[in-house]
Amino acid sequence: MKIPLFANASETQTFKLPETELANLLGKHLLAVLISEYKKTDEEDGKAMNQCKLHLVSAVMHLKSLGITRYPVFGLATNGTVGALLCCWYSRRLDRVFIMDRNIRCFDISSPIQAYHFMTFLLRLRRWSGEQLMRHQVRILENAGTFMADPSWTRKAQRGS
Numbered sequence: 005m006k007i008p009l010f011a012n013a014s015e016t017q018t019f020k021l022p023e024t025e026l027a028n029l030l031g032k033h034l035l036a037v038l039i040s041e042y043k044k045t046d047e048e049d050g051k052a053m054n055q056c057k058l059h060l061v062s063a064v065m066h067l068k069s070l071g072i073t074r075y076p077v078f079g080l081a082t083n084g085t086v087g088a089l090l091c092c093w094y095s096r097r098l099d100r101v102f103i104m105d106r107n108i109r110c111f112d113i114s115s116p117i118q119a120y121h122f123m124t125f126l127l128r129l130r131r132w133s134g135e136q137l138m139r140h141q142v143r144i145l146e147n148a149g150t151f152m153a154d155p156s157w158t159r160k161a162q163r164g165s
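Here's what the structure looks like:
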């Protein structure tokens, strides 16, 4: 039985870890919940947004390869002190990645109240993501055999050969 959290990009290497240690490792596995892309104020506005979107899609597809869908990943694209908050998730039903990049919340951390609002968002995100991670860990422990690694998330498949 292959456990998705031990999936490796190389088909030639496998993890040699007993099933009994799965519970120990699950508590230490972290999922991407916030991706940040920082740019200086003199760079293009759209550059940080586009790079942040690429990182978000990559994080969401990695989660999909672990069998975790409908799990939003947030992105912070900044130019100087101003940051825009994006959200991305994968829908298994529609087999599509969604990026929420319109009517998004922006923060200017040079303003004390907006820095406080951003900090509040981060604290809420930390609490929420901890709850979600525990839910997924319990689900994986109950049905470890059903969570097979996605074969398209391998080095060979990424190369296209």
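Mind the numbering: the sequence shown is residues 5 to 165 in our numbering, read in order. Glycine residues also receive a C-beta, built at the ideal position from the N, C-alpha and C atoms. Here the structure is a predicted model, which is why all the values come from computation and not from measurement.
Under a three-way DSSP split, which group does residue i fall into?
| i | result |
| --- | --- |
| Asn-54 | helix |
| Leu-90 | strand |
| Lys-43 | strand |
Using a Cβ-Cβ cutoff of less than 7 Å, which residues in the same chain neighbour residue i once the five nearest sequence positions on both sides are dropped?
| i | result |
| --- | --- |
| Asp-112 | Thr-85, Val-86, Gln-118 |
| Ile-108 | Ala-88, Leu-89, Leu-90 |
| Phe-122 | Phe-111, Ile-113 |
| Val-37 | Val-77, Phe-78, Leu-129, Ser-133 |
Apart from the five residues on each side of it in sequence, which residues of its chain come closer than 8 Å, Cβ to Cβ, to residue i?
| i | result |
| --- | --- |
| Ile-39 | Cys-56, His-59, Leu-60, Ala-63, Val-77, Phe-78, Gly-79, Leu-80 |
| Glu-146 | none |
| Leu-98 | none |
Does the Cβ-Cβ distance between residue i and residue j come in under 7 Å?
| i | j | result |
| --- | --- | --- |
| Asn-83 | Thr-45 | yes |
| Leu-137 | Leu-35 | yes |
In whole angstroms, give me the CA-to-CA distance for residue i and residue j.
| i | j | result |
| --- | --- | --- |
| Ile-72 | His-140 | 8 Å |
| Met-53 | Glu-41 | 8 Å |
| Met-65 | Tyr-94 | 7 Å |
| Trp-132 | Glu-48 | 33 Å |
| Leu-126 | Lys-43 | 20 Å |
| Gly-50 | Glu-135 | 33 Å |
Kindly indicate the opening and closing residues of the beta strand (DSSP E) around residue i.
| i | result |
| --- | --- |
| Ile-36 | One point to set straight first is that residue 36 is Ala, not Ile, in the sequence displayed. Taken as a continuous stretch (DSSP letters only), Ala-36 belongs to no beta strand (DSSP E), as it is neither H nor E. |
| Thr-124 | Premise fails: Thr-124 lies in the alpha helix (DSSP H), 116 to 146, not in any beta strand (DSSP E). |
| Ile-108 | Element bounds for Ile-108: n/a, residue is neither H nor E. |
| Thr-82 | 77 to 83 |
Skipping 5 residues on each side, what residues in its chain have a beta carbon closer than 6 Å to that of residue i?
| i | result |
| --- | --- |
| Arg-96 | Thr-73 |
| Ile-4 | Absent from the model: residue 4. The displayed extent of the chain is 5 to 165, so no value can be given. |
| Leu-67 | Tyr-75 |
| Val-101 | Val-61, Val-64, Tyr-94 |
| Asp-105 | Leu-90 |
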